[in-house]
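Comments concern the structure below.
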Amino acid sequence: MQSTNLKEIKAALWDQAFIERTWVSCPMGRVVGIRRRKGQLLAMIYGWGRWYPVEHVLIVAARTEPALSRPSPLRSRSEEQIS
1018 MQSTNLKEIK AALWDQAFIE RTWVSCPMGR VVGIRRRKGQ LLAMIYGWGR
1068 WYPVEHVLIV AARTEPALSR PSPLRSRSEE QIS
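Heads up, the sequence shown is in our numbering, so the first residue is 1018 and it goes up one at a time.
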């Protein structure tokens, strides 16, 4: 989703840095920092040494899978009976 909300972007950046379940980017590349100055949204791009003005950033959240993905006990028993 595209966003200009500073709190939302900062939360996504925290997830990107520590939990690695989101990806925050702009047309120039991956965003690692965000701030607002004089009403303008500024982004720090990974590997670049300064702040660049952006209109919005793209936040992509990864799908969450169940922590334990074990096969169903009924399925394993039925497979044993077939063999």
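Glycine included, each C-beta is placed from N, C-alpha and C at the ideal position.
Asked                                                                                                                               : Found
Counting C-beta neighbours from all protein chains within 10 Å, is the total for Leu1023 16 or more, i.e. buried, or is it exposed? : exposed
As a quick exercise: from Val1077, Leu1030, Met1018, Gln1019, pick the residue whose alpha carbon is nearest that of Ile1051.       : Leu1030
Assign Ala1079 to one of three DSSP states: helix, strand, or coil.                                                                 : coil
Taking C-alpha atoms, which residue in Gly1066, Gly1064, Arg1053 lies nearest to Val1074?                                           : Arg1053
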